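In our numbering, the protein residues as written are 312 to 709. To start, the structure under review is shown below, and the notes come after it.
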């Protein structure tokens with residue numbers, strides 16, 4: 312028996328007019344609507360939280376193009392999959408069997424392929440480098456989707472060839488509209504307070520709301536109430552959700568445990584994140600920040616070690632890199648702590664925002680010409696701060 316498609320997939324919109332949310336991108340005169348209307352698709356990156364329409368937008372755009380459309384997930388795909396795709400696109404005259412991950416027929420290959428790469432941040436540098444020449448010459452039009460900041464996760468050369476579009480979490484009203492559509496598809500009645508609860512619970516993620524709605528309907532039948540939703544939540548197995556509160560709560564507990572010099576607790580929360588599938592680079596990046604923000608001048612070597620852990624995560628990979636993360640975690644937890652550099656930086660930033668660009672003392676300025684030298688540029692004067700704040704101290708050693 313063919314398994315039933317998830318509710319979120321069954322009600323996925325197929326046109327921009329039916330799409331809910333992201334009005335800054337799909338509304339009249341906005342970039343993605345213009346791209347569709349003008350048949351002018353270029354490589355782009357969709358950056359936003361889960362369940363806000365990244366995949367749906369890619370499919371809507373693909374439906375308007377004569378290019379072959381291919382969906383890959385960077386979690387499971389690799390360079391071999393990309394090479395196979397490129398080889399097929401570059402040899403359109405050779406008859407090929409329809410590919411399992413292609414939504415269109417090979418006859419639509421003449422103008423290259425539209426590649427939707429989900430979770431593009433999961434591709435390493437070598438895999439992203441492989442894409443470059445084919446994005447450059449038009450063999451592939453890339454639509455990458457990521458929940459992580461592309462400035463950190465996508466190589467600069469690929470970013471420079473793509474337009475980054477930011478997608479935002481759906482508002483409660485937008486989620487409520489999606490829930491109503493889901494209820495119609497399931498042919499169930501949902502109480503108003505249940506819709507309100509679902510809209511808040513979803514935290515901007517339409518898929519999350521629909522999954523709970525569908526599960527509750529499977530358990531309790533056609534009348535969905537606030538109580539049946541809560542009962543369904545209680546019956547679900549507790550799991551780590553990278554996209555929801557568990558993600559933020561666990562990384563917060565991890566950092567606060569290191570800050571409190573509690574290596575056992577820090578290791579426990581590290582293990583929860585790793586077991587739950589958290590991106591190890593996210594953990595390592597937080598460790599690098601922690602090394603300066605919390606350990607700071609009390610042990611300047613901590614930043615060197617944290618960067619070494621980040622590099623190990625990149626080069627070694629999981630699961631072995633978990634050992635490197637554990638090493639760094641215990642070091643940070645046991646290290647002495649000093650926030651003096653961080654606090655001094657925050658104080659200096661506040662001063663800059665308050666007083667603006669005060670004149671730099673002449674003795675600190677560059678003096679590339681004779682005239683500037685005669686005016687006192689570059690001549691040591693013992694002044695290091697602008698005269699207006701020469702008595703202010705930003706760094707306060709512990």
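Glycine included, C-beta positions come from ideal geometry on N, C-alpha and C. Quick caveat: nothing in here was measured; it's all calculated off a predicted structure.
Look up residue i in the DSSP assignment and say whether it is helix, strand or coil.
| i | result |
| --- | --- |
| residue 550 | Note that residue 550 has pLDDT 47, beneath the 50 cutoff, so the model's placement of it is unreliable and no number is given. |
| residue 326 | coil |
| residue 457 | strand |
| residue 372 | helix |
| residue 675 | helix |
| residue 634 | helix |
| residue 653 | helix |
| residue 424 | strand |
| residue 466 | coil |
| residue 571 | coil |
| residue 534 | strand |
| residue 481 | coil |
| residue 494 | helix |
| residue 393 | helix |
| residue 669 | coil |
| residue 609 | helix |
| residue 452 | strand |
| residue 419 | Residue confidence for residue 419 is low, a pLDDT of 40 falling below 50, so the modelled location carries little weight; the figure read from the coordinates is stated next. Helix at residue 419. |
| residue 500 | strand |
| residue 519 | helix |
| residue 528 | helix |
| residue 662 | helix |
| residue 703 | coil |
| residue 351 | coil |
| residue 688 | coil |
| residue 388 | coil |
| residue 643 | helix |
| residue 363 | coil |
First and last residue of the beta strand (DSSP E) that includes residue i?
| i | result |
| --- | --- |
| residue 380 | 379 to 384 |
| residue 355 | 355 to 358 |
| residue 477 | 474 to 477 |
Answer with yes or no whether the minimum CB distance from residue i to chain B is below 7 Å.
| i | result |
| --- | --- |
| residue 625 | The chain labelled as chain B is not found in the depicted structure, where only one protein chain is given. |
How close, in whole Å, do the beta carbons of residue i and residue j come, if the pair is a contact with beta carbons under 8 Å?
| i | j | result |
| --- | --- | --- |
| residue 535 | residue 502 | 7 Å |
| residue 385 | residue 434 | 5 Å |
| residue 591 | residue 643 | Actually they do not touch by this definition, with Cβ atoms about 15 Å apart. |
| residue 458 | residue 361 | 6 Å |
| residue 521 | residue 319 | 4 Å |
| residue 577 | residue 640 | 5 Å |
| residue 669 | residue 699 | 5 Å |
| residue 442 | residue 469 | 6 Å |
| residue 649 | residue 608 | 5 Å |
| residue 514 | residue 480 | 7 Å |
| residue 694 | residue 702 | Contact doesn't hold; Cβ gap of about 12 Å is too wide. |
| residue 617 | residue 635 | Rounded, the Cβ-Cβ distance is 11 Å, inconsistent with contact. |
Taking the CB atoms as reference points, tell me whether residue i and residue j lie closer together than 7 Å.
| i | j | result |
| --- | --- | --- |
| residue 493 | residue 322 | yes |
| residue 485 | residue 332 | yes |
| residue 439 | residue 466 | yes |
| residue 673 | residue 655 | no |
| residue 537 | residue 505 | yes |
| residue 610 | residue 647 | yes |
| residue 584 | residue 561 | yes |
| residue 667 | residue 678 | no |
| residue 471 | residue 354 | no |
| residue 424 | residue 379 | yes |
| residue 344 | residue 327 | yes |
Going by C-alpha to C-alpha distance, which of the options sits closest to residue i?
| i | options | result |
| --- | --- | --- |
| residue 531 | 499, 640, 379, 620 | 499 |
| residue 373 | 662, 397, 451, 654 | 451 |
| residue 357 | 369, 332, 599, 347 | 369 |
| residue 526 | 516, 543, 513, 537 | 543 |
| residue 676 | 660, 657, 696, 665 | 696 |
| residue 567 | 688, 601, 583, 332 | 601 |
| residue 620 | 439, 597, 330 | 597 |
| residue 517 | 488, 538, 540 | 488 |
| residue 430 | 589, 617, 685 | 589 |
| residue 662 | 626, 705, 342 | 705 |
| residue 461 | 359, 569, 382 | 359 |
| residue 653 | 529, 363, 605 | 605 |
| residue 444 | 483, 402, 394, 482 | 394 |
| residue 586 | 448, 683, 558 | 558 |
| residue 446 | 401, 613, 482 | 401 |
Could you spell out the range, first to last residue, of the alpha helix (DSSP H) harbouring residue i?
| i | result |
| --- | --- |
| residue 441 | 436 to 447 |
| residue 511 | 503 to 513 |
| residue 342 | 342 to 348 |
| residue 432 | Note, residue 432: premise wrong, no alpha helix (DSSP H); not H, not E. |
| residue 592 | 591 to 601 |
| residue 683 | 681 to 685 |
| residue 321 | 318 to 321 |
| residue 696 | Run containing residue 696: none; DSSP gives neither H nor E here. |
Any heavy atom of the ligand ADP closer than 6 Å to the beta-carbon of residue i?
| i | result |
| --- | --- |
| residue 471 | For the structure depicted, the ligand ADP is absent and the ligand set is empty, with no information on it obtainable. |
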